[in-house]
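Per the UniProt record's numbering, residue 1 is the first one in the sequence shown, and the count goes up by one each step. Positions of the beta carbon are idealized from the N, C-alpha and C atoms, including for glycine. The structure displayed is predicted, hence computed values, not measured ones. Inspection log for the structure reproduced underneath, given as structure tokens.
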Amino acid sequence: MASENNLSTFQDNGVSRRLVAANAQYSLSDEEDNLTPNHHSGTQYMLSNGDIVTPVSQGMVIDEMEESIFDQSMVELRKELPSRQLDTLTESVTWTSMRKRATSIYHITMTSNQRQEDEIVESLEREIDLVDSSPQDIDEAVRTMPTTLSRKRSIKRKLSSRRKRKLTRTKLVKYWFAMLWQQTKYQLRKWRRIFDLWSSHLTVIEGCFGTSVASYFIFLKWVLLMNIPIFLLTFGFLVIPQILYRFHQLEPSGYAGNSESFTGIELLTGSGFFTNTEMYYGFYTDKAVEAVTNLEYKMKYAYLLTCGGYYLFCLILLGYSYLKSYRKYYIDAGGTISLYYFNLVYCGWDYGIKSHEASVLKQSSIYQEIKEYLAGKNVNQRRNKSHQAFCNKWAFIILAWAVVVSLLAASGYITYTVSNKLSIKTALDNSTSIPVVSPLAMPVVLSSIQLFVPMIFTFLETSENYSQPKYELYVHMFRDMALKATMLAVLVYFWFKIAASKLECWETFVGEEIYRLVIVDLIFTLGYSFFMEFCRKLFSLKWRSIERAEFATGRHTLELVYSQSLCWLGLFYSPLLPVVVILKLIIIFYIKRFSVVQNCRPSLKPWRASRTHTIFVGYLFIFFILSCVAVGFGIFLVKPSTACGPYKNYDTSYQVMTDLIDKWKADNHIVKEIFSFISSPGFISGLLVFLGMVLYYTRTVMLSHRERVEQFKMQLASEGKDKKFLLNLLNQVRVRGRRVSKHPGPTLHKTMEAISPAQKAGGKVFVKSVAEGALIAPSNI
């Protein structure tokens with residue numbers, strides 16, 4: 001019995017029995033032999049408990065024992081590693097959570113060393129059928145198993161033999177579509193690189209001025225590309241049908257004809273010849289366009305549905321871009337960047353560069369990015385300030401915000417006064433001449449306010465002493481955004497309350513006003529680049545005390561947001577306004593590109609602009625919501641003009657849709673029941689409850705993912721301690737004077753040769769030495 005207790009130290013799948021059979025010539029104790037020869041069965045031996053064993057090749061037995069003891073010792077060692085301590089805590093939760101491809105195969109491999117090969121193969125097959133894993137996932141799962149190479153080969157061989165079967169037609173079609181989609185995406189990316197807009201210019205700007213300045217031009221490019229589908233929608237569904245109507249009718253809708261001649265001044269004012277064209281709302285007909293016999297295209301429905309279509313498109317695009325940018329720069333790149341320098345220096349080089357000029361620009365770009373990152377890390381630490389200094393700081397901040405609020409109120413008052421006194425005066429006069437000064441008064445005043453008031457904001461922000469340049473940028477953008485939003489809100493109120501009650505075709509007047517705002521804003525943008533940047537460069541060449549101007553990223557970005565807001569406000573009243581905005585953005589890009597390279601200097605306080613695109617899109621999304629609210633107010637609540645436009649016979653523009661729905665209800669009883677059910681309180685309540693459940697479920701999944709991410713971070717941190725743990729374990733073995741085997745696993749015959757004569761095989765000392773040798777060997781792996 002004593003010998004059996006000693007053997008239990010390294011029992012694993014009957015290893016002790018094979019070991020006894022291999023050493024049948026020895027006794028299992030120091031006094032007596034427990035093996036009795038069995039003469040009835042040939043070369044067999046009987047154990048003390050009555051079991052009969054047959055001696056096999058000693059080499060085979062030793063190999064099997066080495067493999068089994070090695071597996072067991074490896075399992076025990078892995079369990080003691082610091083990085084494996086979290087597995088015990090999360091194992092029960094993991095197997096009850098939702099299965100996904102990566103996590104399901106990962107957790108199977110973590111527990112496979114405690115299962116038999118057949119169970120492992122069956123589990124893998126079930127997971128493969130469940131998640132439809134690829135062969136690469138299967139190989140990765142088998143490769144990461146904490147077991148010997150021979151067992152991995154056996155599992156892989158069994159799994160491959162069972163999985164060899166023909167693919168079904170469904171999977172063949174699925175794989176064919178998957179391959180076709182991958183090829184299509186590759187071709188699209190290839191063509192996208194060919195037609196990539198302004199890539200060389202952006203490379204030059206980023207190399208010379210860093211990512212903070214380049215972010216403005218990237219955002220300008222993004223806004224430009226967003227306006228192209230909007231123009232295609234309006235041109236295809238509104239402009240072309242109206243042109244066809246003009247060719248098939250004797251006179252345009254709303255007017256007797258276009259008696260004005262083009263003089264060129266219309267490019268500045270937007271009135272005159274442009275008034276009686278497809279440029280504005282009032283020229284579109286309320287009748288059906290019949291370009292083909294028995295096929296009508298009703299403009300009153302198309303106009304409103306197209307309007308809803310491009311606003312919905314912008315909403316989806318803005319939401320997708322914001323979420324993508326937020327995930328990239330705030331979630332995926334969240335936390336500390338421990339390997340930032342390594343990734344930038346060793347992985348940031350573009351090996352497709354072939355010219356010397358491009359290599360110099362890339363070097364300059366990497367240099368600028370390192371400088372920006374260092375500037376962000378070297379933040380001024382908070383100093384111990386006295387109570388008086390603290391009070392002075394907050395007093396100045398309160399005073400600054402009081403000045404800002406006062407400027408906003410004054411700007412709104414000036415906007416309303418100029419619009420009421422000058423803008424509407426020309427529209428009320430029935431003069432045949434084309435006025436210039438009065439229509440342009442309001443746009444010039446607004447652009448002047450937007451030019452000089454932000455300079456006051458900049459002076460206040462400089463005196464506030466922000467710790468980082470990005471904080472100063474965000475505060476400036478918020479104040480500038482509030483200024484522009486205030487003036488636009490005053491204009492919307494003036495258009496919908498004053499102009500709508502006094503003018504015969506107020507929608508066309510609104511379209512002309514917005515067109516003039518876009519043109520004058522372009523003129524002021526070009527003037528700022530010339531006088532504030534080019535002239536300052538000339539002065540710096542004459543007087544060294546005057547330095548070149550820095551490129552104001554926040555200011556110029558808000559100009560783009562303001563310009564796009566005007567486009568959204570005027571889309572309903574001027575369907576061709578996106579063409580004007582696209583041309584404006586192209587001109588601004590080349591003027592700003594030339595000005596920033598020739599006239600500006602790099603910022604003295606560089607900063608990383610990796611997250612600025614998210615901020616820019618966020619501000620643009622806010623202005624988009626405000627523009628949608630303003631246009632929606634005009635569609636749902638303001639009475640359309642009675643002399644022009646597709647809705648001149650309706651109380652509101654949206655009434656055309658309500659009449660269409662009422663007509664559907666009267667013609668079809670099923671449609672009536674459907675609309676009655678959708679508009680019932682029970683359906684609305686159920687929908688709200690369902691949305692609440694979806695929101696709760698989404699939040700629960702988000703919290704679980706966040707918790708899982710934290711666990712992974714702890715796992716990574718603990719894996720960093722594995723090396724220290726193994727080194728300490730190895731040091732302990734060396735202190736004890738144990739010899740570490742050079743082979744992966746215990747070698748029994750060498751251990752037997754190294755023991756003293758007193759440690760004879762079959763004795764207690766022999767068993768203890770072999771067990772300790774088995775536990776020592778894996779520590780060298």
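Please state if the CB of residue j and the CB of residue i are separated by a distance shorter than 7 Å.
i           : j      : result
residue 839 : TYR573 : Beyond the ends of the chain as shown, which are 1 and 781, falls residue 839; an answer cannot be given.
HIS669      : SER325 : no
MET299      : THR285 : yes
TYR346      : HIS556 : no
PRO439      : THR269 : yes
GLY554      : MET477 : yes
GLY282      : CYS644 : yes
LYS158      : VAL142 : no
CYS600      : ALA549 : yes
ALA500      : VAL638 : yes
ARG479      : PHE457 : yes
THR306      : LEU225 : no
LEU220      : PHE589 : yes
TYR280      : THR508 : yes
PHE683      : PHE690 : no
Pick from the options: whose alpha carbon is nearest that of residue i?
i      : options                        : result
SER595 : THR525, GLY264, MET481         : THR525
PRO575 : ASN227, GLY207, SER200         : ASN227
LEU569 : THR642, ASP662, PHE623         : PHE623
ILE582 : ASN392, MET442, SER563         : SER563
PHE452 : ILE424, LEU522, SER676, MET532 : MET532
LEU566 : LEU312, SER676, PRO443, LEU541 : PRO443
THR417 : VAL436, ILE514, ILE498, SER359 : ILE498
GLU369 : HIS387, THR293, TRP349         : TRP349
GLN450 : ARG708, THR462, ILE661, ALA482 : ALA482
SER364 : TRP191, MET279, GLY207         : GLY207
TYR474 : ILE615, LYS713, LYS721, ARG516 : ILE615
ALA302 : SER199, LEU660, SER685, ALA717 : LEU660
MET455 : CYS535, VAL404, ILE678         : VAL404
VAL436 : SER359, PHE390, ALA402, ARG516 : ARG516
LEU503 : GLN183, SER679, ILE424         : ILE424
Excluding the 5 residues preceding and the 5 following residue i in the sequence, name in chain order all residues of the same chain whose CB lies nearer than 6 Å to its CB.
i      : result
SER321 : VAL617
ILE230 : TYR310, PRO578
HIS201 : ARG593
CYS505 : GLY282, SER641, ALA643, CYS644
THR462 : none
PHE273 : GLU260, PHE262, GLU266
LEU522 : LYS584
SER271 : GLU512
LYS537 : ARG548, ASN599
GLU296 : ALA288, GLU290
PHE534 : ASN599
ILE138 : none
Enumerate in chain order the residues of its own chain whose CB-to-CB distance from residue i is below 7 Å, with the five nearest sequence positions on each side excluded.
i           : result
ALA102      : Confidence at ALA102 is low in this model, with a pLDDT of 44, below 50, so the placement of that residue is unreliable and no value is reported for it.
residue 803 : This structure cannot speak to residue 803, because the chain is shown only from 1 to 781.
VAL223      : LEU560, GLN564, LEU585
Under 8 Å Cβ to Cβ from residue i, same chain only, skipping five residues before and after it: list those, please.
i           : result
ALA666      : LYS672
residue 782 : Because the chain is modelled from 1 through 781, residue 782 falls outside the range shown and cannot be assessed.
TYR528      : LEU451
ILE591      : THR525, LEU526, SER529
LEU149      : none
GLY692      : none
Could you give the C-beta distance for residue i and residue j, rounded to a whole number, given that I count them as a contact under 8 Å?
i           : j      : result
VAL597      : VAL204 : 7 Å
LEU318      : LEU620 : 7 Å
residue 846 : VAL292 : Residue numbering for the chain in the displayed model covers 1 to 781; residue 846 lies beyond these limits and cannot be assessed.
LEU446      : MET487 : 6 Å
SER653      : LEU304 : 7 Å
GLY634      : PHE496 : 6 Å
VAL518      : VAL580 : 6 Å
ALA400      : GLU464 : 6 Å
LEU571      : LYS484 : The pair is not a contact, with the Cβ atoms about 18 Å apart (cut-off 8 Å).
request  = Scan the stretch 290-335 and note each continuous alpha helix (DSSP H) run of 4 residues or more that stays entirely inside, going in chain order.
outcome  = 299-326
Fill in: Complete runs of the alpha helix (DSSP H) confined to the stretch 495-571 [at least 4 residues]
506-528, 535-542, 553-570
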